[in-house]
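Respectively, the protein sequence lines represent chains X, R and U.
In terms of this note's numbering, the first sequence opens at residue 736 and continues consecutively.
In terms of this note's numbering, the second sequence opens at residue 692 and continues consecutively.
In terms of this note's numbering, the third sequence opens at residue 946 and continues consecutively.
Positions of the beta carbon are idealized from the N, C-alpha and C atoms, including for glycine.
Reading through the structure tokens given below for one structure.
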Amino acid sequence: MALGTSKRLTLGPVLFNWPVETWRDFYYRVADEAPVDRVYIGEVVCSKRAPLFRTCLPDVVDRLRNAGKEIVFSTLAEVVSGTDRKCLESVACAGDILIEANDMSALWHLDGNPFIAGPYLNVYNEDTLEFLAGKGAVHVTLPPELPRSAIAALIEKAGELKLTLEVQVHGRMPLALSARCYHARAHGLNRDSCRYVCDRDPDGMLLRTLDGKPFLVINGVQTLSYTCLNLVQEMNALADVGVDAFRISPQSSGTVEAARIFHCCLKGEMTADEALIRLGETEFDAPFANGFHHGAEGHHWRSVATVV
Amino acid sequence: MHRPELVCPAGTPAGLHAAVDAGADAVYCGFQGPTNARNFPGLNFSPREMEQAVTYAHDRGTKVLAAINSFPPAGQMAAWKRAVDDAVRFGMDAVIVADIGVAAYTARMHPDQRLHLSVQAGASSPEAINFYCREFGVRRVVLPRILTVAEIKGIHAQIPCEIEAFIFGNIGMMAEGRCSLSAYATGQSTNMDGVCSPASHVHYLQDEGGNLKSLLGEFTIDCFTCDESAGYPTICKGRYDTEIRTGYYAFEEPVSLNLTPLLPELMRAGVTALKIEGRQRSRAYVAAVVAAFRKAVDACMENRVPDMAGLIALTEGHRETQGAFGGRKWR
Amino acid sequence: MNADSVDDARFLPQPGAFRDVPRMALAPVPLFLLQPILQRIVAGVVRCHPELFIRLGEGVGKRFLIDATNLPFVMLLRLDPDRPLLRAYRRGQLPAHDGRIAGSLLTLLDLVDGNTDSDALFFTRKLVVEGDTGAVVALRNAMDDTEGRLADDVVSGFGPLTWPAAQVLAVLREIRRRCQ
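As structure tokens, then:
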């Protein structure tokens, strides 16, 4: 059982378009209440949204730093247009800040400086890890679809390369990106004329199948799972084999509570069974899934016998 | 105008013969198994078939490009490395890669092998493409299907390598190489297993009224009335309900990409290789499409207007689009 | 899958005049007369195209219901190198099967000959696929790689019946040509 306090809990970037006050207050609350060691911050999904929270970014960063959180700036996951490229450049070339690179464009700008490889970078194997280490990667967040077997094989290599690994353990799973905005499309608009309609769905717009089954959620150009990833049963085993950090991906409710629960589990103060019950009671209401981790359908959920 | 290379699909040796005979300048194909992004049952080449295919094509002046464009999960690199080694040994004219590890391996072990960056690498900015060129000596990039012609032109001016662009066939809505939708529904990963919407997880249910429901895993992707054209259940071409719209194609309609009208413009924008999608399609499809585009490209080179009326019958849903290539409104 | 799936012949578009001819012409033929011919066909496939089985992969041994919707009977196909099977059944007594491929006789001949794109046939609803789609796709791809020689190769193995069999095939192909 992992009792290592050296293991870190992190908060991924807010993926959704929240009103700027909501966004700011969320991070203030994280600073005050969430037991996370590192906070990733920045616009990952759509460059059009980046200016929206720029005004309060310095205050948020100060508040988080004062609370002892390490700050990492996440870059755009898809870089196509001139706006995208400027948005990326402004973050990647800011200097003196730690970057989470989510597209290969960022590596061009980083030019060998130390960075964190984000979950959108397609790190699937040892050779990719080795190459990125050579380019300055110090820490890598793995794609959510990577199964346990591949994570285990990567850990060994990461040890050799002296870099650390991170796995998302909670929150909706990012599944796809597109140049087209599906929020705009649903509202009969296009991306250029989008009116920022993605702000209407703080946890994404639910897509149901024609027979009414909840399936996916749309977040502008991004598509995420309807289900909420939950690896609370698997986390300590991952910590034991050497995964260094565990990511909570923000939702509009229940995120700070989830961070507390995962934190207790990581410290060995709560069993996974109890954590599961407590997570089920948080305000964020979506069924759990852990299928990818077990090499199965991503939406599947399986209960794992608790190892204490 | 530079004479572009017509790059054509082949899922089987028979498909390769059809493409070569119909006038392809280059044919792309993959080895059996997960090392390529069209890992469907009954498709692709054994090493022996690949070697024979290369001979057949080379004897007729056609190039053969090896698609080794999926992402090996940790612990399974060996199969991808073997595929690269085989492709080099058989004298294949280029290796098309997506994974950084596979690219690094190819560049390191076979520095003289021509390397193409697959669309699955999702390199959509000059910076990303330049990075791959600098690090691995990539000679050609296959551009994602999400760019406008104007953007392609802009990229062309800023990169040191050739540009290959899709002109016809299935059009994926999502950024290539970064889509786990199919894996979410089926457990088979497009990136790692090389298959989107694996046939083993596809089901069609037809009721007594002739209405057809297509499912992927446990999820209904679309329903067709008896007089409606059907589609293959890919998630990004399905119909869904939201609170504000019901029964609509949330991502894209089941359409095919057809850039015939844009061919001259693409060629002027700096595209030097024109790619036809469809390794999973039949030999008859390959023969018809390749022959039509052979004529079209030749017509463009002679400043004539190409006639492509017959191709629409072969497209999914019998509908076509210019997708992102036509302009920003598509987004 | 359910053995008594719907007979949807009514819903399949057919080339007009030819549509009902096979059903009427063959209706009185007792199936026991057909069975040896069918078995001979499948044996011919196994003999002429052993490579088919490598490509067929997961489709080997699967039972395909071949439903030419304008024939009075359906056929059950099992491509297994050791125990190949092609057998006719009356429509009222459908056998258990893994996948079903349905279309008019000419559509199915098109498939075997690799003359038309099967995806296009499916998109336009001329072809119906049900059940184990993976096995059906493997069968399609394996057949496609025989470069359209399947029907001729089978017919040429008919011994003394080669000539009449080849004539039947030629007539069918001619009708198809005119229907197109």
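> Around the C-beta of X:Ser1038, are 16 or more other C-beta atoms found within 10 angstroms, so that it is buried, or is it exposed?
Replying inline: The residue labelled residue 1038 of chain X in the question sits at position 303 within the first sequence. By the 10 Å Cβ count, X:Ser1038 comes out exposed.
>> Please classify X:Val1043 as buried or exposed, where buried requires at least 16 neighbouring CB atoms within 10 angstroms.
In response: Translated into positions along the first sequence, residue 1043 of chain X becomes position 308. Reliability of the predicted coordinates at X:Val1043 is poor, the pLDDT of 39 falling under 50, and the value obtained from them is presented with this limitation in mind. Burial check for X:Val1043: the Cβ neighbour count within 10 Å stays below 16, so the residue is exposed.
>> Using the three-state DSSP reduction, which class does R:Tyr939 fall into: helix, strand or coil?
In response: Counted from its first residue, the second sequence places residue 939 of chain R at position 248. Strand, per DSSP.
> Using a Cβ-Cβ distance under 8 Å, would R:Pro945 count as near chain X?
Replying inline: Along the second sequence, read from residue 1 onward, the residue named residue 945 of chain R stands at position 254. Among the CB atoms of chain X, none fall inside 8 Å of the CB of R:Pro945.
>> Pop quiz: X:Cys840 and X:Leu823 are said to be a contact at Cβ under 8 Å. What is the actual Cβ separation, rounded to whole angstroms?
In response: If you number the first sequence from 1, residue 840 of chain X lands on position 105. If you number the first sequence from 1, residue 823 of chain X lands on position 88. Note that residue 840 of chain X is Ser in the sequence shown here, rather than Cys. The pair is a contact, with the Cβ atoms about 6 Å apart (cut-off 8 Å).
>> Measuring only the C-alpha atoms, how far is U:Val974 from R:Ser973?
In response: Position 29 of the third sequence, counting from 1, holds the residue named residue 974 of chain U. Position 282 of the second sequence, counting from 1, holds the residue named residue 973 of chain R. For U:Val974 and R:Ser973, the distance between alpha carbons rounds to 35 Å.
>> Run through chain R and tell me which residues come within less than 7 Å of U:Thr1061, C-beta to C-beta.
In response: As a working note, residue 1061 of chain U is residue 116 in the third sequence. Result: Ala975.
> Quick check: the stretch 696-716 of chain R against the stretch 943-956 of chain R, are there 3 or more CB pairs under 8 Å?
Replying inline: Inter-segment contact for the stretch 696-716 of chain R and the stretch 943-956 of chain R is absent: fewer than three beta-carbon pairs are separated by less than 8 Å.
> Among the residues of its own chain, which have a CB less than 6 Å from the CB of U:Ala1087, if the five just before and after it don't count?
Replying inline: The sequence position of residue 1087 of chain U within the third sequence is 142, counting from 1. If we look at U:Ala1087 and ignore the five residues flanking it on each side, its Cβ neighbours are Leu997, Arg1000, Leu1001.
> Taking the alpha carbon of R:Ser815 as the point to measure from, which residue in X:Ala980, X:Met940, X:Leu942, X:Glu813 has its own alpha carbon closest?
Replying inline: Along the second sequence, read from residue 1 onward, the residue named residue 815 of chain R stands at position 124. Ranking the options by Cα distance to R:Ser815, first place goes to X:Glu813.
> For a contact meaning CB atoms closer than 7 Å, what does R:His894 contact in chain U?
Replying inline: Here residue 894 of chain R refers to the residue found at position 203 of the second sequence. Correct list: Thr1078.
> What residue from R:Leu954, R:Glu696, R:Ala728, R:Pro732 has the CA that sits closest to R:Val718's CA?
Replying inline: Indexing the second sequence from 1 puts residue 718 of chain R at position 27. Nearest C-alpha to R:Val718: R:Glu696.
>> Using CA atoms only, rank isn't needed, just tell me which of U:Arg985, U:Asp965, U:Arg1023, U:Leu1051 is closest to U:Val1081.
In response: Numbered from its first residue, the third sequence carries residue 1081 of chain U at position 136. Ranking U:Arg985, U:Asp965, U:Arg1023, U:Leu1051 by CA distance to the CA of U:Val1081 puts U:Arg1023 first.
> By the 10 Å Cβ neighbour count, where 16 or more other Cβ atoms means buried, how is U:Ile982 classified, buried or exposed?
Replying inline: Walking along the third sequence from the start, residue 982 of chain U turns up at place 37. Exposed, because fewer than 16 other Cβ atoms sit within 10 Å of the Cβ of U:Ile982.
> Nearest to R:Gly938 by CA position, among R:Asp913, R:Val893, R:Ala748, is which residue?
Replying inline: Taking the second sequence and counting its residues from 1, one reaches residue 938 of chain R at position 247. Checking every option, the nearest Cα to that of R:Gly938 belongs to R:Asp913.
> Between the C-alpha atoms of R:Arg936 and R:Lys966, what's the straight-line distance to the nearest angstrom?
Replying inline: Position 245 of the second sequence holds residue 936 of chain R. Position 275 of the second sequence holds residue 966 of chain R. Between the alpha carbons of R:Arg936 and R:Lys966 lies a gap of roughly 35 Å.
> Near X:Asp979, what residues of its chain come up, given a Cβ to Cβ distance below 7 Å and the 5 sequence neighbours on each side ignored?
Replying inline: For this step, residue 979 of chain X is matched to residue 244 along the first sequence. Correct list, in chain order: Lys742, Arg743, Thr899, Leu900, Glu901.
> Of all the CB atoms in chain U, is at least one closer than 8 Å to the CB of R:Thr911?
Replying inline: Along the second sequence, one-based indexing puts residue 911 of chain R at 220. Closer than 8 Å: no.
>> Can you pull the chain R neighbours of U:Val1015, defined as C-beta to C-beta under 9 Å?
In response: Residue mapping note: residue 1015 of chain U aligns to position 70 of the third sequence, counting from 1. Residue 1015 of chain U is actually Asn in this sequence, not Val. Result: empty, since nearest Cβ-Cβ is about 16 Å, beyond 9 Å.
>> Along the stretch 989-1011 of chain U, where does the CB come closer than 9 Å to a CB of chain R? Name the residues.
In response: Within the stretch 989-1011 of chain U, the residues whose Cβ lies closer than 9 Å to some Cβ of chain R are Ile999, Arg1000, Leu1001, Gly1002, Glu1003, Gly1004, listed in chain order.
> Is it buried or exposed for U:Phe977, if we count other Cβ within 10 angstroms and need 16 for buried?
Replying inline: In the third sequence, the residue the question calls residue 977 of chain U occupies position 32. That one is exposed.
>> Would the stretch 1024-1038 of chain X count as touching the stretch 879-890 of chain X if we require 3 or more Cβ pairs under 8 Å?
In response: The stretch 1024-1038 of chain X, when compared against the stretch 879-890 of chain X, does touch it at the 8 Å Cβ threshold.
> At least one CB of chain R closer than 8 Å to the CB of X:Phe964: is that the case?
Replying inline: Here the question's residue 964 of chain X lines up with position 229 in the first sequence. First, the amino acid is wrong: residue 964 of chain X is Leu here, not Phe. Contact of X:Leu964 with chain R is not assigned, every C-beta pair being separated by 8 Å or more.
>> Against chain R, does U:Arg1118 count as a neighbour if the rule is that its beta carbon must be under 8 Å from one of theirs?
In response: Here residue 1118 of chain U refers to the residue found at position 173 when the third sequence is read from its first residue. Chain R has no Cβ within less than 8 Å of the Cβ of U:Arg1118.
> Can you name, in chain order, every residue of its own chain whose Cβ lies under 6 Å from the Cβ of X:Ala914, other than the five neighbours on each side?
Replying inline: The residue you call residue 914 of chain X lines up with position 179 of the first sequence. Excluding sequence neighbours, X:Ala914 sits near Val815.
> Taking a cut of 9 Å between CB atoms, which residues from the stretch 895-926 of chain X lie near chain R?
Replying inline: So the list reads Met908, Pro909, Leu910, Ala911, Leu912, Ser913, Ala914, Arg915, Cys916, Tyr917, Ala919, Arg920, Ala921, His922, Gly923, Asn925, Arg926, given in the order they occur along the chain.
> So which residues of chain X does R:Tyr931 contact, with C-beta pairs closer than 9 Å?
Replying inline: Start at 1 with the first residue of the second sequence, and residue 931 of chain R comes out as number 240. Those are Leu942, Arg943, Thr944, Leu945, Phe950, Leu951, listed as they occur along chain X.
> With a CB to CB cut of under 6 Å and the five nearest residues on each side skipped, what residues in its chain are close to U:Ala954?
Replying inline: Residue numbering aside, residue 954 of chain U sits at position 9 when the third sequence is read from its first letter. Note that U:Ala954 scores 40 on pLDDT, short of 50, meaning its location in the model is unreliable; the coordinates nonetheless yield the value given after this. Answer for U:Ala954: Thr1014, listed in chain order.
> Does any CB atom of chain C fall closer than 8 Å to the CB of X:Ser840?
Replying inline: Going by chain labels, chain C is absent from the structure shown, which instead holds the protein chains X, R and U.
>> For the stretch 731-743 of chain R, list every residue whose C-beta sits within 7 Å of some C-beta in chain U, in sequence order.
In response: Within the stretch 731-743 of chain R, the residues whose Cβ lies closer than 7 Å to any Cβ of chain U are, in chain order, Phe731, Pro732, Gly733, Leu734.
> When the Cα atoms are used, what is the spatial distance from X:Asn1025 to R:Gly1017?
Replying inline: Within the first sequence, the letter at position 290 stands for residue 1025 of chain X. Within the second sequence, the letter at position 326 stands for residue 1017 of chain R. Cα-Cα distance, rounded: 40 Å.
>> To the nearest angstrom, how far is the alpha carbon of U:Cys1124 from that of U:Asp1055?
In response: Residue 1124 of chain U sits at position 179 when you count from the first residue of the third sequence. Residue 1055 of chain U sits at position 110 when you count from the first residue of the third sequence. Whole-angstrom Cα-Cα distance: 12 Å.
> Taking C-alpha atoms, which residue in X:Gly1003, X:Ala994, X:Val976, X:Asp1008 lies nearest to X:Ala766?
Replying inline: Along the first sequence, read from residue 1 onward, the residue named residue 766 of chain X stands at position 31. The shortest C-alpha separation from X:Ala766 is found at X:Ala994.
>> Distance cutoff 8 Å, beta carbons only. Does R:Asp790 sit that close to anything in chain X?
In response: Here residue 790 of chain R refers to the residue found at position 99 when the second sequence is read from its first residue. Output row for R:Asp790: interface = yes.
> How far does the beta strand (DSSP E) with X:Leu910 in it reach, from first residue to last?
Replying inline: Looking up residue 910 of chain X in the first sequence gives position 175. Residues 899-912.
>> Along the stretch 879-909 of chain R, where does the CB come closer than 9 Å to a CB of chain U? Name the residues.
In response: Cβ contacts with chain U come from Pro889, Ala890, Ser891, His892, Val893, His894, Tyr895, Leu896, Gln897, Asp898, Glu899, Gly900, Gly901, Leu903.
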